[in-house]
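Residue 309 in UniProt numbering is what sits at position 309 of the sequence shown, and the numbering runs on without skipping anything. Structure first, then comments.
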Amino acid sequence: MEIDSPSQPSLLSSQDRILQRLYQCGVPEEKLNQLQHGIVDYVKENKYMLSKVIYAILPTDANLVEAVVQAKGDNGDVVKVPSMRDQFRESMKWLQWLMFENEPRATLKNLANTSVNQRGLCGAVWGNDDIAYRCRTCENDSTCAICVPCFQNGNHKDHDYSLMYTGGGCCDCGDVTAWKREGFCSKHKGAEQIQPLAEETANCVGPVLDVILNYWKEKLLFTQTNINANPRRANRSVECIRVSNDLTASIVEMLLEFCKFSESLLSFISKRVFSSNGLLDILVRAERFVRKNVIEKLHELLLKLLGEPSFKLEFAKVYIKYYPDTIKEAIKESSDSIFEKYPLLFTFSVQIFTVPTLTPCLVKEMNLLGMLLRCLTDIFYFCLDNKEGHIEVGKWASLFVTTIHLIEDIRYVMSHAEVPKYVTHEQPDISRTWINLLAYVQGMNPQKRVTGLLVEEENEHMSLPFRLGHSIAKIHSRLVSGAFSGELEDNIEDNDGLCHAKVGWLSRESFVCSRTGRNNESDLELKAGAVNFEPGNHLPVPSSVMWLICECLRATENWLRFNCVTTDEQNFFSQDTCRNGRNFLDLKKTLPRISKGKSILKAYRAPLPKSQLHLSSELNGKFGPLSSMCIDLKSEQSRNTNDMDTTDMDVEYSNASRISDESILDTACGMESETFGVLNLSDWPDISYDVSSQGISSHIPLHRLLAMLLQNTLGMIYSGSKEVDVDAINSVSNLPPPGCSVDFFGRILGGCHPFGFSAFLMEHPLRIRVFCGQVRAGMWRKNGEAVMLSWEYYRTVSWSEQCLELDLFLLQCCAALAPPDRYVERILERFGLSNYLSLCLERSNEYEPILAQDMLNLIIQIVKDRRFCGNSTADNLRGELICRLAIGDATHSELVKALPHDLSKSSHLQDILDTVAVYANPSEMKQGKYSLREACWEDLDLYHPRWNSRDLQVAEERYLRFRKVSASTVQLPRWTNVFNPLYGISRIATCRTVLNIVRAVLFYAVFTDKPSSSRAPDGVPITALHLLSLALDICHWQRNSSGSGSMGMEDSLPVIDFACEEVDIQATSKSESDGCKPQSLLSLLVSLAVKHRIDSVNNFSEAAQSDFSSMIETLLKRFAELDAGCMTKLKTLAPQVVCHLLPPITNSDIHMSGTTSNLQDRKAKGRERQAAIL
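Below you can see the structure in the form of structure tokens.
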């Protein structure tokens, strides 16, 4: 064969050019005449020439430049040289001959034949909108799926599976880290089925492949260096970019072809790729300068190579290093579109972070969570509104997708049980960083009521913060679960064999976080999450939980200081006037400094200092200037002492704060003890705020994390012992000992005072509820649809579990600790109803009636709701199903969608559903649906927190149709068992302020002629009567407990004392004599019953009105049964109501009973009397 002269290179084909370079390399002409066979023989005879021969087969730089120039068209339209892509492809064909020392196609087929029926993994790569199957029975997590052929070749009979459209990724069949083995198809049996490549083949392929990979790396590195050196003159690097594109396309095409034939070869290639020093790094970054279609093929190859555990580990290390660079690029461009250019980050995160044998190792060895949290901090800080001190939603919206993907990656990492356990027990710095990050989200996207022109432009970003909060709440649930888990088992280190088999070997010398500034003693602070049973402390709470609660309190304290404190004495703690551009910057610096090196153990063990802080001015309802954040806790101890009970509670709370576990305390030696400021106030503060005129935000993740921690702590301690016995519902053994709330919260919330904690922690959840009430009343209609959307989001089932329900629980915790009258007064102020008790018949504004009803609804919910503080999962599930079926029959899927997420996953769902509903089989075109059983209507809860007006009205109408009676007159709220620490919420319903509210409502209902102009129209009196009924129910419980001697409570009950108390009424629209006549709660109840009875006659609506009057009469009888004074009063006011009742049983009667049998007889007679009344 003749070799053309080098003087005319442009006339040579790609093969001729290879032969020419081989000839110049020294390969004999007779070998060149045999083409590939001759080259294989020559290399066998001269193995030392292998590297030179390979580089001779590959195009030289001169060849590549020539091809680039030709591609530009600088030499005219006549094609004189082969394209660069053709030259690379021809080179790959020749190199395959060297790899296999034979015809490549034949060798690949032989390899395929040796592995028939021995495939380990599928690894089929999907594009966008490809069809795949998800099987919840077989998957290890919700991100797993398999391709259609694997599903069809597997056994998924009776499994919970569904069809889905993919957004990328690869089939998980055969991967035991993603899919259960019994769910594998018949063709894929697991990675252990993959046989190693034959030694003879490996010895031939390896050296050639190593040189190719090294050549590839050199070209990509050269391109990257040129671009980085001249970032503004990237066009001049076009030659390098074209070389990288065509070379990458050719090599990836060849390797993907190999993958089709042999898993053994695929495994061998993956090991060679990560063994080539620096190659993985440049392949990960290649998306920055390689064409998109080539990158798609490269990522397909990388996805296939991930089937090799050791490759997955090495790739993950490189991926983690690359992750922050892409996030920074997105921040720099302030756009989510960066991930269309650089798709690797979110293509591979699921593949890496969901592997249970890999991710925990990365958390420990590579500081994975620390890296992700730094990225999230960068995004939040970039989107910070320096004036307001939180994320600016308009700016953040352009990075919303990036943020959600990032938080989802954190969730993937935290989904492995050992990771949150490790973080909360061994690495508190990570938890602290996360909690501090929540301050960026706290208070974001505040809304301000528009009172001028209607807002025509809608806030298109209103839903984004809710979606962010939803993702954050998922992480919170995992973080809290980790804190409550038992002793940390070193799964990462003890399972060496498993880790090696799945993800390769890891060194175990480094830790997840840098420990600069931390000593060894502080590192032991949370070791093993010890559960301490201490003398006098019967709360088996893990120290990790105590630490997490205190960090959450500390972050909340700092947020309150920097976002709620103002030196304006007239507007103390006004959120709207205290904004400072430097507040959040200071907070960012202060939080780590405050937390670093500090032990919370002393914080929650130390007695509370009674007068630690100093006041600079006299208290006149508001605190003075707080320039140094120093407030006196001594002054005005005498102010409203009857309502506050400061002295007794201080003593109990201080004593409860003392914990004497010296062994744990020793681990924190050398640490300074810290105390709280605003949360440690011993005086109830006056906080000035108006929801209707100042900014209001629905996003308070710090409060909700704290609520979740408290809720889980309560559930862990008390739910196991709470078994409600229907036959013993009135048993006094269910009642807690006095002071129990202070005892529990004193140990859990050490460093806080009950008044300071409750006054400030109730503020923001209360403001949100007031905002919802104002939206329902129509006060925010000029803000447009965005505000309505916010209101709907807050109470919809998708978000209520993480928003509304936790907010209500936190309000309950505050109610248990707060002075009841001050607590209710705060609610009155926030609803803008402070003058509602004035007994002036003129309305303040058109919104007042709805706000009053919502306020009463909220108080009832605070007192009676047991979602997190008394009900079992079965109780909650039953209540949710009854409420949903009350508004209409539903299919099984509709019922599941209507349930909160935690309840929808209950294993008892079907059993409970069968007890409350009857199933109607499908017929013709009708679906099978469940309908509520007749007996279950009596358990309908009219004060379920998620009711909206429309659904509640439908439920009441259906109740009337089925039960022939109005639900509002018979479904009265009842006091039920509550976890002991929250028994203090009973004081809310029976405090004087609530009774004053009820009396005012009754007054307005009695003395207003026109319901349309009344301050208490329509449903307001009914709601007030329901609240009064709840208070009487509590009084019955208290009287029973006092009679048995278990509670030692006072004989006088506040409701009884108030019932007969008369107040002077000024002249009204009635006659002067009637208007000036003193009125009591009992007299108003009688007058209201008479008024409704007269209205029923005049309006021919006897049935509905008689139900209402009967309800009032029932309440009057309960008053008479409770107290002889009330009986005497009612004999004068309404003798027809109480004439047939026996005198009430007094405490003295009970104590003088000679035997237990006499007491039981009296109780039996009382029940008989009650039955006769009903």
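C-beta: ideal position from N, C-alpha, C; glycine also.
- With distances taken between CA atoms, residue 894 lies nearest to 913 out of 876, 834, 907 and 913.
- Here the alpha carbon of residue 257 sits roughly 20 angstroms from the alpha carbon of residue 191.
- Per DSSP, reduced to three states, the secondary structure at residue 179 is strand.
- Between residue 553 and the set 114, 409, 972 and 438, the nearest pair of CA atoms involves 438.
- Within the model, the alpha-carbon separation for residue 147 versus residue 977 is close to 51 angstroms.
- The alpha-carbon separation between residue 842 and residue 776 amounts to approximately 22 angstroms.
- Runs of alpha helix (DSSP H) with 4 or more residues, each lying fully within the UniProt domain "UBR-type" (120 to 190), are found at 148 to 152, listed in chain order.
- In the three-state reduction of the DSSP assignment, residue 918 falls in the strand class, which pools E and B.
- Residue environment for residue 962: exposed (fewer than 16 other C-beta atoms within 10 angstroms of its C-beta).
- In this structure residue 409 does not touch residue 348 by the C-beta definition: roughly 10 angstroms separates them, more than the 8 angstroms allowed.
- Each residue's CA atom was taken as its position, placing residue 476 and residue 203 some 52 angstroms apart.
- Spatial neighbours of residue 787 in its own chain (CB-CB distance under 7 angstroms, excluding positions within 5 residues in sequence) are listed in chain order as 447, 775 and 780.
- Here the segment 423 to 430 does not lie against the segment 688 to 697, with fewer than 3 beta-carbon pairs under 8 angstroms apart.
- At least 8 angstroms separates the beta-carbon of residue 153 from that of residue 179.
- With contact defined as three or more Cβ pairs closer than 8 angstroms, the segment 881 to 890 and the segment 945 to 960 are in contact.
- In the three-state reduction of the DSSP assignment, residue 542 falls in the strand class, which pools E and B.
- Straight across, the Cα-Cα distance linking residue 161 with residue 1016 is about 54 angstroms.
- Around the CB of residue 901, fewer than 16 other CB atoms lie within 10 Å, so the residue is classed as exposed.
- Of the candidates 814, 404, 847 and 772, 814 places its Cα closest to the Cα of residue 755.
- In this structure, residue 854 and residue 773 form a Cβ contact; the two beta carbons are roughly 4 angstroms apart against a cut-off of 8 angstroms.
- For residue 390, the secondary structure class from DSSP, reduced to helix, strand or coil, is strand.
- The C-beta of residue 1089 has 16 or more other C-beta atoms within 10 Å across all chains shown, which makes the residue buried.
- Taking 8 angstroms as the cut-off, the beta carbon of residue 1027 is found no closer than this to the beta carbon of residue 1058.
- Restricting attention to alpha helix (DSSP H) runs no shorter than 4 residues, the segment 870 to 895 encloses them at 873 to 886, ordered along the chain.
- Secondary structure at residue 994: helix, using DSSP grouped into helix, strand and coil.
- When only Cα atoms are considered, residue 143 and residue 405 end up about 14 angstroms apart.
- In this structure, residue 1115 sits near residue 1029, with a CB-CB distance shorter than 8 angstroms.
- Taking residue 696 as reference, the option from 771, 837, 93 and 107 with the minimal CA-CA separation is 771.
- In this structure, residue 159 keeps its C-beta atom at 8 angstroms or more from the C-beta atom of residue 122.
- Rounded to the nearest whole angstrom, the C-alpha separation of residue 1135 and residue 967 is 28 angstroms.
- Rounded to the nearest angstrom, the Cβ distance from residue 423 to residue 482 is 6 angstroms, consistent with a contact under 8 angstroms.
- Straight through space, the alpha carbons of residue 299 and residue 292 are spaced by roughly 10 angstroms.
- Collapsing the DSSP output to three states places residue 700 in coil.
- Burial check for residue 356: the Cβ neighbour count within 10 Å reaches 16 or more, so the residue is buried.
- With a cutoff of 8 angstroms on beta-carbon distance, residue 342 and residue 284 are scored as not near each other.
- In this structure, DSSP gives residue 448 a state outside helix and strand, which the three-state scheme calls coil.
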